[in-house]
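Following: one structure in structure tokens, then a few remarks.
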Amino acid sequence: MEATRSPSFSDLVTMLGPRIDAALDARTALGDGCPARLREALRYSLLAPGKRLRPMLALLAAEACGGKTDAAMPAACAVEMVHAYSLIHDDLPAMDDDDLRRGRPTCHKAFGEAVAILAGDALLTLAFEVLANEIQPPSVAAACCAALAEGAGACNMVGGQADDVAGNYECGMMNDECLSRTTSVEGEPSIHHSSFIIHHSLLESIHHRKTGAMIQVSLRLGGLVAEADSEQLAALDAYGRRLGLAFQITDDLLDVQSTEADAGKRVGKDAQRGKLTFPSLLGLDQSTQYAEQLIAEACQAVGSFGSSAEGLRALAGYVLERNR
Ligand code: GRG
């Protein structure tokens with residue numbers, strides 16, 4: 521980091537992006553048993569020009585907690601591998617049915633559905649292989665595997681996706697199970713009588729699980745590698761929870777306001793499908809204000825780290841400004 525001024529997001533991308541890409545490249549050379557087409561497909565999606573936010577969060581969290589970014593690189597690779605798998609599967613005809621991702625044809629468009637499903641499966645399993653083999657000491661590797669499994673699993677990313685796919689945003693489709701696991705940002709119980717609050721809480725619950733949990737676990741892995749104490753981990757969690765929600769709000773806003781060329785993926789699909797989103801619930805201005813409030817709170821949450829969290833603050837600022 522430069523001593524004279526705080527890094528901007530583009531400084532972070534310049535410093536960390538090529539290191540992350542090289543680390544992902546090296547870990548997907550894969551041995552003789554891997555069919556060439558499977559290797560090609562998983563590398564096609566993983567190495568495509570994504571923003572690398574989750575790996576950056578893992579590295580920056582390690583740095584904030586006094587650790588070395590080199591030590592956190594396997595964790596950074598693991599979260600990007602899980603993220604890339606989730607994008608490949610999300611784009612499949614059975615889910616979001618998308619043709620464009622990261623500015624390129626989606627994996628199944630380029631390689632066919634069967635290879636795309638298997639490329640996602642391979643990335644998911646490779647993530648855990650990388651953590652188990654490369655994180656030291658073994659007790660920290662085990663903690664990282666458990667945390668990533670929890671963040672990516674049935675109660676978080678997969679569960680949020682399942683509710684999303686099932687259309688469980690609709691009031692009429694909400695059942696007791698859905699309501700009982702609905703929580704607010706502060707984690708308070710939220711069985712409310714107002715339909716607005718129910719919709720708002722349910723929307724946050726789905727997005728927290730589908731998108732936010734992977735953002736939160738990226739930070740947690742960085743903290744675990746740096747052997748952060750429980751206070752530091754709690755601060756990273758608080759930052760991540762708010763960043764994840766703000767990230768989703770800006771994703772919803774981009775779906776309304778961006779172009780396919782800028783976003784590198786199809787836009788306008790939420791409205792087309794009549795999906796409940798932050799802009800449809802709160803309107804554009806209030807959604808923007810809410811995202812700004814969450815980012816301010818996220819930055820406050822890591823205030824106690826001082827200058828070692830400059831990178832986390834720069835990344836939080838970028839989430840508000842991003843155009844893709
Ligand atoms: C298939 C189990 C399973 C889960 C899918 C990631 C996901 C869950 C769905 C993607 C749908 C989507 C567009 C969600 C909104 C937020 C999100 C995850 C956007 C994509 O992440 P970015 O913007 O993408 O960080 P890049 O390509 O930059 O890495």
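When we follow the numbering used here, the leftmost residue of the sequence shown carries the number 521, and every step to the right adds one. Don't be surprised by glycine CBs; every beta carbon is placed ideally from N, CA and C. Please read all numbers here as calculations on a predicted model, not as lab measurements.
Rounded straight-line distance, which links the Cα of residue j to that of residue i
| i | j | result |
| --- | --- | --- |
| P569 | D541 | 9 Å |
| D552 | R559 | 10 Å |
| L835 | M734 | 16 Å |
| A674 | I726 | 12 Å |
| G707 | S715 | Here the model assigns G707 a pLDDT of 47, short of 50, so the residue's position is not dependable, and the following value carries that caveat. Straight-line Cα distance between these residues: approximately 19 Å. |
| T808 | H720 | 15 Å |
| V787 | A766 | 18 Å |
| N695 | G687 | Legend: pLDDT at N695 = 42, less than 50; position of this residue unreliable, no value from coordinates given. |
| T731 | E780 | 21 Å |
| L774 | R844 | 7 Å |
Limits of the unbroken alpha helix (DSSP H) element including residue i
| i | result |
| --- | --- |
| I540 | F529 to R547 |
| H603 | T589 to D610 |
| L739 | A733 to V745 |
| P658 | P658 to A672 |
| I726 | S715 to H727 |
| L680 | In the sequence as presented, Leu is not what sits at residue 680; that position holds Gly. That run of the alpha helix (DSSP H) goes M677 to V685. |
| M576 | L573 to A584 |
| R762 | S750 to Q777 |
| A893 | Since the first residue shown for the chain is 521 and the last is 844, residue 893 is missing from the structure and cannot be characterised. |
| D641 | E633 to E654 |
| D782 | E780 to A783 |
| Q556 | Checking the sequence, you will find Ala at residue 556 rather than Gln. Run containing A556: A556 to L566, per the alpha helix (DSSP H) assignment. |
| V839 | E830 to E841 |
Cβ distance (whole Å) where residue i is taken to contact residue j below 8 Å
| i | j | result |
| --- | --- | --- |
| C627 | A556 | At roughly 15 Å, the Cβ-Cβ gap does not stay under 8 Å, so C627 and A556 are not in contact. |
| L607 | R624 | Between R624 and L607 the Cβ distance is about 11 Å, and since that is not below 8 Å, they are no contact. |
| L741 | A595 | 4 Å |
| L801 | L723 | 6 Å |
Residue i versus the options, residue with shortest Cα-Cα distance
| i | options | result |
| --- | --- | --- |
| C664 | L739, D616 and I608 | L739 |
| L753 | I718, V737, E830 and L774 | V737 |
| P575 | A634, R539, D805 and Y564 | R539 |
| L646 | E747, N676, V599 and D617 | V599 |
| A614 | D684, D590 and A642 | D684 |
| Y605 | A581, V635 and M593 | V635 |
| R563 | D641, F529 and E751 | D641 |
| V533 | T548, K571, A549 and A546 | K571 |
| S526 | E841, L840 and S828 | S828 |
| A582 | I718, F825, N676 and A543 | F825 |
| G803 | L577, E649, A821 and D772 | D772 |
| D610 | K629, D590 and M593 | K629 |
Beta-carbon gap between residue i and residue j smaller than 9 Å
| i | j | result |
| --- | --- | --- |
| L668 | V602 | yes |
| C585 | G794 | no |
| S729 | G679 | The question names Ser, but residue 729 in the sequence shown is Arg. Yes, Cβ-Cβ distance for R729 and G679 is below 9 Å. |
| E830 | A758 | no |
| T770 | R833 | no |
| A748 | V822 | no |
| A639 | S565 | yes |
| F529 | Y838 | yes |
| L544 | L579 | no |
Proximity test, residue i beta-carbon vs the ligand COA heavy atom, cut-off 8 Å
| i | result |
| --- | --- |
| L562 | The ligand COA is not among the ligands present in this structure, which contains only the ligand GRG. |
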